[in-house]
Structures are given as structure tokens and as C-alpha cells.
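Colleague:
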Amino acid sequence: MGGVVKRKCTEDLANLRSQKMQQLLLQKLLNYAPSKLNSSIITITNCIYTKESLEICSKLLEINPEAYTAWNYRKLAVEHYLQSETDPDSIKTILSEELRLVESALRRNFKSYGAWHHRKWVLSKGDLSLDHEFRLLDQFQKADSRNFNAWNYRRFVAAMKKVPDEEELKFTTDMINSNFSNYSAWHNRSILLSHLLGKRVQGSFPREEVLTEEYELVHQALFTDPDDQSGWFYHLWLLDQTVKPDAPVLVSSWPVQGSDVIASFNGNLNGCASSPFTNFHSDTGEFPLILYFNQVVEGVNSATVTVESIFDKNGDLVWRPLSTNYSRNAQAWVTYLKFPDIKDHSLKSYSVEVSLAHCQGIISSSGSHYIHPCQFAFTVSLQPLDLEYTERGPGVEMVVWTDDYFYTNETLLQDLSPTILSFHQQRIKEDHDATASMWPSKTIANEIALFRELLSEIDCKIGKLTLARLLMAHDTIMSYNKTPSAYNKVHSEEVLELLSDLMKLDPSHSRYYKDEHSLVLMQKVTSNRELLLKHCWHYRESTSSNIHVSICLRLNNLSLSRIGSIEILLSVQMLDLSHNELRSIEGLEAMQLLSCLNLSNNKLHSFTALEPLRLLKSLKVLDISYNEMGAHSIDTRRYLCSSPLSHTVGSDWNVDDCKTDGINMTNYWEAVLIFRGLNLTQLDIVGNAVTDEKFKLLLVKILPTLKWLDGDDVH
Amino acid sequence: MGELEMEKHVLYILSVEKKKDDFESVVMEHLRINGAYWGLTTLDLLGKLGTVDSDEVVSWILKCQHDSGGFGGNIGHDPHILYTLSAVQILALLNNLDVLDVDKLTNYISGLQNEDGSFSGDVWGEVDTRFSYIAICCLSILHRLDRINVEKAVNYIVSCKNLDGGFGCTPGGESHAGQIFCCVGALAITGSLHHVDKDLLGWWLCERQVKSGGLNGRPEKLPDVCYSWWVLSSLIMIDRVHWIDKEKLVRFILDCQDKENGGISDRPDDAVDVFHTYFGVAGLSLLEYPGLKAIDPAYALPVDIINRIFFGR
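Heads up: the sequence lines are chains A and B, in that order.
Everything in the first sequence is counted per UniProt numbering, starting at 1 for the first residue and increasing by one.
Everything in the second sequence is counted per UniProt numbering, starting at 1 for the first residue and increasing by one.
Right under this line is the structure:
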């Protein structure tokens, strides 16, 4: 390793260096420039622009276009001269000289922001030939077809000259045809097409025909050189344009249509042969109503959703977006219905009707309105309050997650099955089906065939990845067009295989494929009742006379790195995700009924990763033992968690509230932030880098409801 | 493969500080304040900020400030938001923010916000999402974010989002890793990351890693050490950094070191400079390279400094 490495200079500097004369001049100018050219000083000293100083200034800029103060000086000078000039020819001469200077500076360094902006500024000062600008751009874009400053400038001039989008689209076609590997041209094409499609000039710009042609164009790029990335993102964008549903759709809810929910207030649900999936226990005297949409929406409120029940007046209901970032939009929304104050101990059921009839106000992030009115109803029975059992229930007895506490019972599970999935039964009205175009599914089928063909010829990464995406898109489209009972992911197995191949084929990005793999696996596992029931276990409480039945969804040991398909799992109250490879639990915030959660033996790096739990009002029992909390210097969830750093928690928020002796609270703000809002009775945290005794004392302090910490009684 | 030549890099940075007359220094003259930020932050990440006379730095920085409140890139150069951020970052680094007339500085920055929510870089009106980031970052550090229209600022950034999930300088501008850092950083600081399609952008960003392990800034471009910062910090803010091969990237950065004289270059065997030295060291910090202080991906300052600013009251 001892050899002297000859170090090359970067290209620009090398060019400059070779011109010694210029270097000397530059030094001289720069020594002179700052004091003489500073625009503020000049403004103060009554605008002195000598011929000499302007000449020096332009020489300086021709050598170093980045000397921004010199550009400012020239702008001041131009403004000064224009003030006293009325002759159009003279004005043109002044401005043309500026354009000449910019051109010469750009030939030195055509990435100079200052030079490009000076040109824009000059154009705004007078009526100059824009044709000349296009000619110049043609030269520059031929020399460097990827220069994004030039592309930006092109869009600026095209807008100024009011060049029709179609004409600029033609320019991108020419650029692409002369070289497929021009990401900048593909990019500009997507911008222009979005404008044109957005205008929705029906007939003159038929969406489906246009997109079909675009597919053909991008195929040429992809199939010519599958390793060239230029077409990759464009193809994915086309796919998105093809399958993305415009209007938001309600995909699931809790409670589901037709279900009979049994709720108990501050008590235990005992002995009911009915489904633990519809039993619900509440400490606070309220129960959640969850709506889950197929995309992020805003505008869910008592004006857009009507809830008729004896519990609350519709107008009093407060709908909250279930998102961890405190934004006003989310895929899942919740409102809490209050139990009536009824002394009557009879098991009487009350009906609740939910209707999304006047729902135009529910809007997707792309601006589409909800257009599929729907309604559903369920009943709620209030469980007689049995004081004997009020000391039971989740979190009253210590929960143990070892295998011997779980057992299966096929017949009991089968009885429960009708309500296990929280599909919304009337997801899409039949009349919607009739109007739906066949074009997307045909297009996807065609793409699938093409990419299978490509893969039969060469084994390439983008071919496999695209095929996997197409197959998933196909399944998604089919699920929209069919009834929920036919909601089958027919391609899951093949997609999983493709993703496993990709992990080997492209090991640098293996964890990207792994995350995708996990999502598809979750889809597969939850895709029908039979598969999901395999993961449902009974939990046996150790000492009780075993009348309290809990069902636990055990998705442990599946090597999941990410979770998904939450919309199907809204009814789950006990969830075991242990022994996976989870780094994030994003999405869990929608599981409002969750009371016991096992996340032990995963790869959670930081407390901030637990942010979704802050929205789970019912959570009592949490196991996060054997993760990587505190083991990493870089926190990748730092900005996905509400905190003063991102101004998502008020500036009055103060960690010192929880000050504990001997602990520097600045180091534990994440833990305080997350745990302070929880009502945990049981927490397991052993096996993380942070768990020293002082930290445990802090936890006990910020979690006043806590009974067990790492299996020890804290009292 | 060698290790990070910490001591040599410290010496290299200190030597750059002293040189004022060689060619690179002259070309860099107008952005010396940026250079100071790169150099001083690198020293701090290497645990050697103490070797710098902070009083001298602070008094020089204050000489770069104009009556408008903005800072120039050096004494005698015009004020611009680009240099104002470096000034604020350096003062934060040196725990000397209290020398600032915060209201004056805040007025300068908030005065650059345009009607559509965007920001100009200075009085001459160049608009760019880089300036949005700078304004938001500066004001957040000064606890004055309420002095601009944050909602409009965020909406403008969102209007620069592209088909690939990335962001450009202005609406319609092509995605570029540096620009993505600015937009994602601004959205992170304003609690608006829900506007980012994390999986789409994450895929585009992780595909910036080329065979050598280095990262490029756009598809089909050469890798460059500076993207170790722009790409990595963006991937971290959206929690997708595990999608690249970190070990290969560490090796690429280490291969760009000048093992004789210190400093890091854009690619192996090229000439080193302070810009790439900073981005190399900051990149290694984001990769949790042992012995380096952790750097915050949004504010581009060491985590302990940022925690002190936001939690250390």
C-alpha cells in the first residue's frame, strides 16, 4: 500500500490550471474584486459603474462563473443603465451583452446556477428572441443531454414562449430515440404527460391510448438494455398510472357489517361461547369504530360519515386519523363510541348504523373524492358487569408468551371464523364493476406475458422485479373487481419466489427484496380464513379456572422484516410477532383493539420505532425484549416519530418533567416520549442495550400503571 | 482495505484552513464560509473541534454578516441564504448561537419567502427547493419556524415531487440526490414526511449504489463520495437505509482517502478537497463507523449539538 498514488485533479480544475495566464489574472481580479464589486458597498456609494470595473467583472465571470457577487454587480449595473435608457436598440444591446457573457460563462461551467439564473433574469428584463435561447439549448443539450440546469431552463423558456406541451413531448421523443439512456428526457416526458393527462381533454388525448403507446416506447428501452436504469422508473410510473384507483374506497372496518359485538365495561368477558374477535373489553367506557380505506384520505368527520346509534349523537363524534405523524390524513380513521350508562344487566343489543353517503368530502392525497356511497350495520351488546371478574382481563394476570401457553382447537376456531377477517362486505357496489374499464387488467396481462418472455431469454434483475410487481398489481386489480370472499392472492407464491431469486441475484439490495417479500408473505397469510386460522391460537391463562378465552394471532418465526395487510387484522387483540426481523411496526397504529403485543427478538433499533404504539389506547402488555434498542448511534426513525425535532410535539414539551436522579434526560427523550402516553401493566425490555437499573427506575416512574417489568413485580 | 485515517484527515483540514493563496483556495474564496462549515463539522465528527480557536472563527463569521441580516460567503461578498445556513450551523457547532441578533436574521430569512411558499436565495430572486430547506433548517435551529408560512413552504416542496418519488429544484425539475436531501430534510424538520412515498423514493435512492459500492446522484451517473451524504441521509430520514449494502459503501469511501496526506476525494485516486472530506466522514458517521460522532441526518450537525438545541433546556 506504500506506492505514491498519483492524484488526478477534477476536470474543471484541470482545465483552469492549464491556463496559467488566467490563473494569474484570476488571482489579481479576486484580490481586487471583493472590495470593489460588493453590491452592497456599491449601492451605498451611489452606484458607480465604471467601464473598467464592468470589464474586470466580466473577465472574472468568464473564468469563474461561480463568483456570485460579480453577477449581482452586473445586475445592479444593468438596472442602473436601463433606468436612463429608453431607446429599444440600446436596451437590446445592454441585455445582449449580458446574454453573451452568460453564454461564455456557461461554456466554462454549464452547471453554474448563478450563470443560468442571470440568464433568466436578463430575459425577464426585455423583449429578447426566445428562438435564440432554443438554439443555444440545442447546443448545450447535445453536449450534455443530462444537464438538469439546461432542462430546467428549457422548461422556463418553453413556458415563456408558450410552447405547447405536445411540442415539447416531441422533443423528448427525439431525445429518447437518439439515446434510450436519457433519464432526464424520460423524466421531462412524465411531467409533460401528467400535465396533458391532467387536463383530461377527452377525446383529443385519450388516456388509455396514450398510456398504451408509452408502454411500447419504454419497452424498447427496457428490452434494448435491461441493465440501463433510465426506463425502470418510467415503467413503474406507467404501471402506477394503470392500476391506481382514482377514488378512495372503504376496504375494511371494525366492527364489520352484520357482526354482533359484545362489549364489557371495566370487566371481564367470561364464558361466552361467542367469538373473542367480537368481544371487546374497555377500561374507559368506550369502544372504537375503525374505517380503513385503500389509500390515505382526509376529510373523515361527522359530516362525511354518519353513525346512528344510541351511544352518541353523530355530531358529537370526533374522528381521528390513525397516522403516526399527526397529519390530517391517514388510511385508517377511528372514532370512539361511549357506552351508555346502563344499570340494566340484561344482555341487550343495540344497533349501530354507519353510512358514508354524503362522503364527497373524503379526499385522497391525489385529490380524488370518495364516490362509492355505502353503509353497514352491526350490533353491540353490553356484557353484564360481573364484579367478580373485574380483577381479571388482559394485563391483570401476567401474560406469558411461551409455546406451552398456547393451544389450538380446530372446532372452536372454526366457530369463530366468520368474523375473523375484517373485510368490509360491501366494498364495491356491483354497478361500479359494470362501469369499470377492462383496459387495466388487459394491459397488466399483456405486460406479464411480455416480461415472462424477456425472462425466458435473459435472467435480469429488472425483469424479475417488474414481473413481481406486475403480478402483485394483477392480484390487486382482481381483488377490486371481485367480492371479498374471492379475495385470493393467486400469484403470491410466484411473487415470493421471484423476490427470493432477487435476493440472490442482487445481494446489495437484498433487504429491499426482503421487505417486499415480507409484505407479500403477510398478504398470503391473511388472504383467506383457512390460512389465517393456522396462525390463531388459544391462550391459556395460568391460574384462572380457564373460562377466560383469548385468541392470539401468532405470526412469530416467519422471518418478517415488515408488516402489512393490517386492514384485515383490525379485530386482533392479542398479537405475537416475536422472532421475526422487524425493524419497523409502521401500520400497527390501526389495530385499535390490540391489548397484548409481543415484539421480542426482532431488530427494532430504537424507541422511536415504537411510535405507532402511542395511538393504541388499549395496549396493556408489551414485550420488546431482545431487540437492538440503544445499540445504534444513528436512529432511522428519528424523523418518523413525533418530537420537538420535527415540530410535531409542542415546544412546551419538556423531558425534565420526568427527571430521575442520575439520568441525563436528554439521552432518553425517545423513551419518555413513547412510554409516557401508554397505560402498560406489563413490560418486558430485557436483552436490549439500554436496560440498566437506572433506566428501569425511569420506566417505572413514567409508567404508573406498570405491574410487571421483566417479570418482576414492580411494587 | 485500510481504515479511516482520522489523524491525517484532521491535519489535512487544519492545513486547508491555513492555506489562502493556492489555486483551490482562490476559487473557493467566495464560499469560504461553506468551507469552514465542512471543515469544522468534520473536525467535530473526528472529535477534534477543540483544536480550533473558536473566538477567531466567530469574529470572522460575524464580519461576513450584512445589515440585512444575511451572511456572505466571505468578508466582502454579498449576502445569500446559502452562506447564512453555514454561519448558523457553525455558530451552533461552536455553541455560540447567542452572538446572533436572532430577530434580524429571522427577518432576513422570512423576507425571502415568496407568495407561493417557495424561497429565493437572495434579493435577486433565484428560486430553488435548496433555499426552502435552508430557510426551514436555520429557523428551526433558532426556534423561529413560526415566522414563516410553513404550510405553504411544505406545499411548494410537495409540488416539486416527481414520478420517481424524488424532488427537483422547482416544479418539473428532475430528481437529484442533493435536491432530495434538501426536500426530505425540510419535510422531516416540519414533521411532513407523510408527503414522501417512502418505498418508491427508497427504491430510487438505494438504486444509486453502483457496483463499486459508491453512490451516484442520478441514474446512469458516476459515483461520488458526496452522495454518501445526500443519499444516505435521505435514506435514513425515511428509514430505508438498510436497502443498500453499507459495508461496500464504507469500503468505497475509505478507498477515496489520500492515505499519504489526508483528505478524501470524489472517487478513488482523484484529488482531495474539504468538501468531499466532509461528505466522506459524515457518510461514515451515518454508517456508524466506529470512533466517529453521530451526525443528525436532517440538520447536518452532530446529534449531540442538535439534542442540546432541542432538549437541553
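The C-beta atom is built at its ideal place from N, Cα and C for all residues, glycine as well.
Can you give me the start and stop residues for the alpha helix (DSSP H) that A/Glu286 sits inside?
Modeller: No alpha helix (DSSP H) contains A/Glu286, which is instead part of the beta strand (DSSP E) from 286-298.
Colleague: Please identify, using Cβ separations under 8 Å, the residues of the segment 152-181 of chain B that lie next to chain A, in order along the chain.
Modeller: From the segment 152-181 of chain B, only Asn162, Leu163, Asp164, Gly168, Cys169, Thr170, Gly172, Gly173, Glu174, Ser175, His176 have a Cβ closer than 8 Å to chain A.
Colleague: Within 7 Å (strictly less), CB to CB, does A/Lys634 reach chain B?
Modeller: Here residue 634 of chain A turns out to be Ile, not Lys, going by the sequence shown. For A/Ile634, the answer is yes, since a Cβ of chain B falls inside 7 Å of its Cβ.
Colleague: Does B/Lys211 pass the burial test, meaning 16 or more other C-beta atoms within 10 Å, or should it be called exposed?
Modeller: B/Lys211 should be labelled exposed.
Colleague: Pull up the distance between the alpha-carbon of B/Leu49 and that of A/Leu239, whole angstroms please.
Modeller: Taking the straight line from one Cα to the other gives about 51 Å.
Colleague: Do A/Phe110 and A/Phe156 count as a contact pair if the criterion is CB distance below 7 Å?
Modeller: Not closer than 7 Å, so no.
Colleague: For B/Asn155, tell me which candidate among B/Trp124, B/Gln113, B/Ile141 has the shortest Cα-Cα distance.
Modeller: The residue with the shortest Cα to Cα distance from B/Asn155 is B/Gln113.
Colleague: Note down the Cα distance separating A/Leu622 from A/Asp576, rounded to an integer number of angstroms.
Modeller: Using only the alpha carbons, I get a separation of about 10 Å.
Colleague: Would you please state the rounded distance, in angstroms, between the beta carbons of A/Leu619 and A/Leu613? I believe it to be under 8 Å.
Modeller: Correct: roughly 6 Å between the Cβ atoms.
Colleague: Could you pull out every residue in the same chain whose Cβ sits closer than 7 Å to the Cβ of B/Arg144, ignoring the five residues on either side in sequence?
Modeller: Val102, Thr106, listed in sequence order.
Colleague: Given a threshold of 16 other Cβ atoms within 10 Å of its Cβ, counted over all protein chains shown, does A/Arg452 qualify as buried or as exposed?
Modeller: When all chains shown are included, A/Arg452 counts as exposed.
Colleague: Measuring CA to CA, which of B/Phe275, B/Glu7, B/Leu4, B/Arg218 is closest to B/Trp204?
Modeller: Of the candidates B/Phe275, B/Glu7, B/Leu4, B/Arg218, the one whose C-alpha sits nearest the C-alpha of B/Trp204 is B/Arg218.
Colleague: Taking only three categories from DSSP, how would you classify A/His538?
Modeller: Strand at A/His538.
Colleague: Measuring only the C-alpha atoms, how far is A/Ala473 from A/His235?
Modeller: Near 13 Å, if we compare the C-alpha coordinates of A/His235 and A/Ala473.
Colleague: Let's see if you can read the secondary structure: which residues bound the beta strand (DSSP E) around A/Lys378?
Modeller: According to the sequence shown, residue 378 of chain A is Phe rather than Lys. That run of the beta strand (DSSP E) goes 374-382.
Colleague: Tell me A/Tyr350's beta-bridge partners as DSSP assigns them.
Modeller: A/Val380.
Colleague: Would you say B/Trp38 faces chain A, with C-beta separation under 7 Å as the test?
Modeller: For B/Trp38, the answer is no, since every Cβ of chain A falls outside 7 Å of its Cβ.
Colleague: Going by beta-carbon coordinates alone, are A/His517 and B/Trp243 separated by less than 7 Å?
Modeller: The answer is no: Cβ separation not under 7 Å.
Colleague: From the DSSP secondary-structure annotation, give me the bridge partner or partners of A/Phe148.
Modeller: Paired residues: none, contrary to the question.
Colleague: Output needed for A/Gly463: all residues of its chain with C-beta closer than 7 Å, excluding positions within five of it in sequence on either side, in chain order.
Modeller: Only Pro226, Phe451, Leu454, Leu455 meet the Cβ criterion.
Colleague: So, helix, strand or coil for A/His369, using DSSP?
Modeller: If DSSP states are grouped into helix, strand and coil, A/His369 belongs with the strands.
Colleague: So, using beta-carbon positions, are B/Asp288 and A/Ser633 closer together than 7 Å?
Modeller: The sequence shown places Glu at residue 288 of chain B, not Asp. Yes, the Cβ-Cβ distance between B/Glu288 and A/Ser633 is below 7 Å.
Colleague: Is any beta-carbon of chain B found at less than 7 Å from that of A/Phe233?
Modeller: A/Phe233 counts as touching chain B.
Colleague: When you check each C-beta in the segment 123-148 of chain B against every C-beta of chain A, which residues fall closer than 8 Å?
Modeller: Cβ contacts with chain A: Trp124, Gly125, Glu126, Asp128, Ser140, His143, Leu145.
Colleague: For A/Glu66, which residues in chain B fall below 7 Å Cβ to Cβ?
Modeller: In chain order: His30.
Colleague: On a CA-only basis, which of A/Ile362, A/Gln241, A/Asp260 is nearest A/Leu291? Give me that one, please.
Modeller: Nearest C-alpha to A/Leu291: A/Ile362.
Colleague: Can you find a C-beta in chain A that's less than 7 Å from the C-beta of B/His276?
Modeller: No, because no Cβ of chain A sits closer than 7 Å to the Cβ of B/His276.
Colleague: Mind listing, in chain order, the continuous beta strand (DSSP E) runs of no fewer than 3 residues lying wholly within the segment 118-180 of chain A?
Modeller: The qualifying runs do not exist here; there are none.
Colleague: Based on DSSP bridge pairs, tell me the residues matched to B/Ala153.
Modeller: None; B/Ala153 has no bridge partner.
Colleague: Can you tell which of B/Ile157, B/Glu115, B/Leu91 has its C-alpha closest to the C-alpha of B/Thr129?
Modeller: B/Thr129 has its Cα closest to that of B/Ile157, out of B/Ile157, B/Glu115, B/Leu91.
Colleague: Flag A/Trp669 as yes if its beta-carbon sits less than 7 Å from any beta-carbon of chain B, otherwise no.
Modeller: Chain B, which has a Cβ nearer than 7 Å to the Cβ of A/Trp669, makes this yes.
Colleague: Provide the residue(s) that pair with A/Leu645 in DSSP beta bridges, ordered along the chain.
Modeller: None; A/Leu645 has no bridge partner.
Colleague: Any idea if B/Gly47 is buried or exposed, counting beta-carbon neighbours within 10 angstroms, 16 or more meaning buried?
Modeller: B/Gly47 is exposed by the Cβ-count criterion.
Colleague: Under the rule that 16 or more other beta-carbon atoms within 10 Å means buried, what is A/Val334, buried or exposed?
Modeller: It counts as buried.
Colleague: What residues in its chain sit with their C-beta under 7 Å from that of A/Val399, if we drop five residues either side in the sequence?
Modeller: Cβ within range, chain order: Cys596, Val621, Gln682.
Colleague: I want to verify the contact list: residues of chain A whose CB lies under 7 Å from the CB of B/Pro219, in sequence order.
Modeller: Those are Tyr183, Gln229, Ser230, listed as they occur along chain A.
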